[in-house]
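Presented below is the structure to which this report refers.
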Amino acid sequence: MAIENCGSSFAQNIEVFSGLVASVLVTVNECHHLAIACMDISYSGKLLMQSYLDVIFAKFDNHVKDLFEFYTARILSHGFTIVVSRLSVSASKDDMRFYIRGLLTQMKIEDTKMKKQALGNLYNVLVEDERYVKLIIEIGDIVNVVVQFLDSS
C-alpha cells in the first residue's frame, strides 16, 4: 500500500491504517492455515513448505515496510498514540506490568517529546510506589531503554 495514496485528513489516515492492519491479519491467517497444514501427517514436501514460508516471510517483510513508511510519514503521530492511563493504587501486578511495558515501549518508538513524557511518568510511579521498582527489576529492559533514550537526545 503506497503512502502516496494517503491524504492528510484524519479519516483517510484511519482508513489507510485500517487497511494495513487488515492486510497483516490476512497474512496472519494464511500463516495459521499453513501451520495447520504442517501439522497434518499426510502433508509432505519440504521444498513446497519452504516456498510457502518464503512467501509468507516476504509478505510480513512488506507489512513491516508499509507500517514503517506509514509511521515515518508522521501520519501516525502524537495524536494517534495509544497511551495507557495512570493506574490506581489498588491496581493488580499484571496491570502494573502492562503499564510499565507501555511506558518502555513509548520510550523506544515515540518522538523525543513523548519519550520525555514517558520517562517522567516512569519516574513518578517509581518514586510513589515501591511495587513498581520491583516490577521494573523483573522486566529488566530498563537499562537498555534509558541508555538508548539518552543516546537519542
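Residue numbers (numbering that gives the first Met the number 0): 0 to 152. Every residue, glycine too, gets a C-beta built ideally from N, C-alpha and C.
* Asked: By DSSP, does Ser89 sit in helix, in strand, or in coil?
  -> What you label residue 89 is simply residue 90 of the sequence shown in a count that begins at 1. Ser89 falls in the coil class under three-state DSSP.
* Asked: Considering Asp150, what are the terminal residues of the alpha helix (DSSP H) in which it resides?
  -> Working through the sequence shown from its first residue, we reach residue 150 at position 151. Following the DSSP letters along the chain, one finds Asp150 inside the alpha helix (DSSP H) bounded by residues Ile141 to Ser151.
* Asked: Excluding sequence positions up to five away, which residues of its chain have a Cβ less than 8 Å from the Cβ of Ile138?
  -> The residue labelled residue 138 in the question sits at position 139 within the sequence shown. So the qualifying residues of the chain are Arg96, Ile99, Arg100 and Leu103.
* For Ser22, the three-state DSSP class (helix, strand or coil) -> Locating residue 22 in the sequence shown gives position 23, where the first residue counts as 1. In this structure, Ser22 counts as helix in the three-state DSSP scheme.
* Asp39, DSSP secondary structure in three states -> Walking along the sequence shown from the start, residue 39 turns up at place 40. Reduced to three states, the DSSP call for Asp39 is coil.
* Taking Glu68 as the reference, give the member of Leu19, Val132 and Ser84 with the closest Cα. => By 1-based counting over the sequence shown, the position of residue 68 is 69. The candidate whose alpha carbon is nearest that of Glu68 is Leu19.
* Can you give the beta carbon distance from Ile136 to Leu125, rounded, assuming they're within the 8 Å contact cut? -> Looking up residue 136 in the sequence shown gives position 137. Looking up residue 125 in the sequence shown gives position 126. Wrong, their Cβ atoms sit about 11 Å apart, outside the cutoff.
* Asked: Who are the near neighbours of Leu75 in its chain, counting only those whose CB is closer than 8 Å to its CB and skipping five residues on each side?
  -> Residue 75 sits at position 76 when you count from the first residue of the sequence shown. Note on Leu75: pLDDT 48, under 50, position unreliable in the model; the coordinate value appears next. Closer than 8 Å at the Cβ level, and outside the excluded window around Leu75, lie Asn12, Phe16 and Phe69.
* Asked: Exposed or buried, which one is Asn120 when buried takes at least 16 other CB atoms within 10 Å?
  -> Taking the first residue of the sequence shown as position 1, residue 120 is located at position 121. Buried, since its Cβ has 16 or more Cβ neighbours within 10 Å.
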